[in-house]
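Written below as structure tokens is the structure these notes are about.
2 protein chains.
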Amino acid sequence: QNLLEANEEKAQEVRDFLNQKHIFMVNLISSPGSGKTTLLEKTLPILKQKFRVAVIEGDVETERDAKRLDLYQVPVSLINTKGACHLESVSIEKALLAFDLDQLDLIFVENVGNLVCPAEFDIGEHAKVAMLSVPEGDDKPLKYPLLFQEASLTILNKIDLLKYTDFDKTRFYDDLERVNPNLSVIELSCKTNEGIDAWVDWLDKRRIASL
Amino acid sequence: QNLLEANEEKAQEVRDFLNQKHIFMVNLISSPGSGKTTLLEKTLPILKQKFRVAVIEGDVETERDAKRLDLYQVPVSLINTKGACHLESVSIEKALLAFDLDQLDLIFVENVGNLVCPAEFDIGEHAKVAMLSVPEGDDKPLKYPLLFQEASLTILNKIDLLKYTDFDKTRFYDDLERVNPNLSVIELSCKTNEGIDAWVDWLDKRRIASL
Ligand SMILES: Nc1nc2c(ncn2[C@@H]2O[C@H](COP(=O)(O)OP(=O)(O)OP(=O)(O)O)[C@@H](O)[C@H]2O)c(=O)[nH]1
Ligand SMILES: Nc1nc2c(ncn2[C@@H]2O[C@H](COP(=O)(O)OP(=O)(O)OP(=O)(O)O)[C@@H](O)[C@H]2O)c(=O)[nH]1
Ligand SMILES: [Mg+2]
Ligand SMILES: [Mg+2]
Ligand SMILES: [Zn+2]
Ligand SMILES: [Zn+2]
Chain A
1 QNLLEANEEK
11 AQEVRDFLNQ
21 KHIFMVNLIS
31 SPGSGKTTLL
41 EKTLPILKQK
51 FRVAVIEGDV
61 ETERDAKRLD
71 LYQVPVSLIN
81 TKGACHLESV
91 SIEKALLAFD
101 LDQLDLIFVE
111 NVGNLVCPAE
121 FDIGEHAKVA
131 MLSVPEGDDK
141 PLKYPLLFQE
151 ASLTILNKID
161 LLKYTDFDKT
171 RFYDDLERVN
181 PNLSVIELSC
191 KTNEGIDAWV
201 DWLDKRRIAS
211 L
Chain B
212 QNLLEANEEK
222 AQEVRDFLNQ
232 KHIFMVNLIS
242 SPGSGKTTLL
252 EKTLPILKQK
262 FRVAVIEGDV
272 ETERDAKRLD
282 LYQVPVSLIN
292 TKGACHLESV
302 SIEKALLAFD
312 LDQLDLIFVE
322 NVGNLVCPAE
332 FDIGEHAKVA
342 MLSVPEGDDK
352 PLKYPLLFQE
362 ASLTILNKID
372 LLKYTDFDKT
382 RFYDDLERVN
392 PNLSVIELSC
402 KTNEGIDAWV
412 DWLDKRRIAS
422 L
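Rendered as structure tokens:
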């Protein structure tokens, strides 16, 4: 239990520090391939017009996602976990050193692709955002409940694929209601851009609320 | 390191025991929603004609997958990990107690949906089978390399969705070659049944080779 406690303490330190700097940090969590990096690719150009944004990119191996995001000319700090299946607050604290924190408003953390462990770790964020993509199936909120309980928002991504799959939205919303009755959902497609405005809106409002 | 060593010892005991009983055990690993349970739903009716089959179902929460497989009248033993992100050999040993091991030829273990940790744990299986689905993207072998290094086979599932995604098979095979040059791949769709015969064939051959 000591590891989790030490992580919580460090996370609180990180959040206090970010609060002093008036920076809002979002922890984006999903299975591998749900579309976290693609969402950031779609969002960064829009957000850059309103905020000073940076990204902490968490991956087991490679710089692939970090390189994809470098194209958007925002500061990107990569953490290769070399096998660990989730990010912890100690590595976030180190990654933050790469940024000029007096010049930022918003930080995204793209966590390691994993629907289980990242939900257990506070990394100093102001909000966890869960992402689920349509092809994964409608049963995940009940099967992997902790993430959906901890998250402030769920993004249902790849809704352009709804017509090609057997995803049952009624079951998805019913299950989500049982796991976390207050959880808001944004239906989104990084292909058609549906829902992107609602996501940018949510970020704007949540940032203001956290200041 | 002790935990991993203790797990390895127990796994070897489990495998030795299965060998005495002439039982072949496959450990099926993928991200959440790649199609593990659906593949078993498609395969069990065919395999039951050749072999005496059982399933160990690993899930964080719920009996949903176990109930889906109960319909196929094979013995199913459920392990709810209550938060652990992978199965270990101690829980497999316990799950095996639910079966009459003198009446079995083949056991499938459906591991917890997670592309990271299950690859590190030997649970006494004769082969790890990695599953990746087309919507997750073509970059996973290099981004989550351990599973593709440990696996004896990779199933590329949901190939019926290839035409609706930007999955690049050339990149996928190039990356897989770099991670594990000997790894065979079966392209499959649980919707169109393409590749199901090749999968049944592979199981048949591997079982014979392991006896
Ligand atoms: N059809 C469709 N495909 C999408 C959408 N969003 C992302 N994709 C595709 O999904 C695949 C995976 O997207 P990524 O953004 O790399 O996923 P990720 O969550 O960052 O993956 P990891 O970092 O490996 O966990 C890619 O092939 C994307 O093109 C969407 O809204 N619709
Ligand atoms: N289009 C298409 N959909 C598929 C295929 N195989 C599975 N699916 C769908 O993918 C979703 C998830 O399938 P499951 O079999 O539940 O996935 P799983 O790997 O067992 O998921 P977890 O147990 O939660 O890790 C379901 O909606 C299935 O109908 C396929 O070959 N093609
Ligand atoms: Mg990514
Ligand atoms: Mg399943
Ligand atoms: Zn983990
Ligand atoms: Zn793990």
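So the protein lines, in turn, are chains A and B.
Anchor point for the first sequence: position 85 equals 85 in the numbering used here, and the numbering is continuous, going up by one each time.
With positions in the second sequence counted from 1, the corresponding number in the numbering used here is that position plus 211.
For each residue, glycine too, the CB sits at the ideal point set by N, CA and C.
Remember, it's a predicted structure, so these values are computed and weren't measured experimentally.
Chain B within 8 Å of A/C85, Cβ atoms only: yes
How about A/S30 and A/L161: do their beta carbons lie closer than 8 Å? no
Please classify A/E9: is it buried, with 16 or more other beta-carbons within 10 angstroms of its beta-carbon, or exposed? exposed
Inter-residue Cα distance where the pair is B/N391 and B/I334: 21 Å
Any C-beta of chain A sitting closer than 8 Å to the C-beta of B/P243? yes
Measure the alpha-carbon distance for A/F148 versus B/K232 and round it to whole angstroms. 42 Å
Let me know the secondary structure DSSP gives B/E405 once reduced to three states. coil
Against chain A, does B/Y375 count as a neighbour if the rule is that its beta carbon must be under 8 Å from one of theirs? yes
Chain A residues whose Cβ lies nearer than 8 Å to that of B/R389: Residues of chain A passing the Cβ test: none, with the nearest at roughly 11 Å.
Can you list, in chain order, the residues of the segment 112–123 of chain A whose Cβ is nearer than 8 Å to any Cβ on chain B? V112, G113, N114, L115, V116, C117, E120
Does at least one heavy atom of ligand 7 sit under 7 Å from the Cβ of A/T81? Ligand 7 is not among the ligands present in this structure, which contains only ligand 1, ligand 2, ligand 3, ligand 4, ligand 5 and ligand 6.
List the residues of chain B that A/D16 touches, going by C-beta distances under 8 Å, in chain order. In chain order: nothing, as chain B lies at least about 28 Å away.
CB A/K128 to CB A/A151, shorter than 8 Å? yes
What separation, rounded to the nearest whole angstrom, lies between the Cα atoms of B/I397 and B/I366? 5 Å
Please look up how many angstroms separate the CB atoms of B/K259 and B/V285, rounded, as I've assumed it's under 8 Å. 7 Å
A/E41 versus B/E405: straight-line alpha-carbon distance, rounded: 34 Å
On the DSSP letters alone, give me the boundaries of the alpha helix (DSSP H) that B/S300 sits inside. 300–307
Which complete alpha helix (DSSP H) runs does the segment 3–67 of chain A hold, if anything under 4 residues is left out? 36–47
Helix or strand or just coil, what does DSSP make of A/L132? strand
For ligand 4, which residues count as neighbours when the test is a C-beta closer than 5 Å to any heavy atom? B/K247, B/T248, B/D276
Answer yes or no: the CB of A/P118 versus the heavy atoms of ligand 1, is any distance below 7 Å? no
Please name the residue or residues paired with A/S184 in a DSSP beta bridge. A/L153
Taking only heavy atoms of ligand 3 into account, decide whether any of them is closer than 7 Å to the Cβ of A/E136. no
Which of helix, strand or coil does DSSP assign to A/L162? helix
Within this structure, are the beta carbons of B/I370 and B/V411 separated by less than 8 Å? no
Quick one: which residues of the segment 335–362 of chain B get their C-beta closer than 9 Å to a C-beta of chain A? List them in chain order. L343, S344, V345, P346, E347, G348, D350, K351, L353, K354, Y355, P356, L357
Less than 8 Å separating the beta-carbons of A/I79 and A/E61? no
Mind reading off the beta-carbon distance from B/F262 to B/L317? Whole number of angstroms is fine, and I expect it under 8 Å. 5 Å
Is the separation between the beta-carbon of A/L132 and that of A/V109 shorter than 8 Å? no
Just checking my contact of B/N368 with B/S395 at CB under 8 Å: how many whole Å lie between their CB atoms? The pair is not a contact, with the Cβ atoms about 15 Å apart (cut-off 8 Å).
Counting only beta-carbon separations shorter than 8 Å, does B/K247 have a partner in chain A? no
Kindly examine ligand 1 and report whether one of its heavy atoms sits closer than 7 Å to the Cβ of A/T43. no
Comparing the CB of A/E110 with every heavy atom of ligand 3, is any distance shorter than 7 Å? yes
Let me check you understand the geometry: is the CB of B/N218 closer than 7 Å to at least one non-hydrogen atom of ligand 5? no
In terms of DSSP beta bridges, what is B/S421 paired with? According to DSSP, B/S421 bridges with nothing at all.
Residues in the segment 251–274 of chain B with C-beta within 7 Å of chain A's C-beta atoms, listed in sequence order? D270, V271, E272, T273
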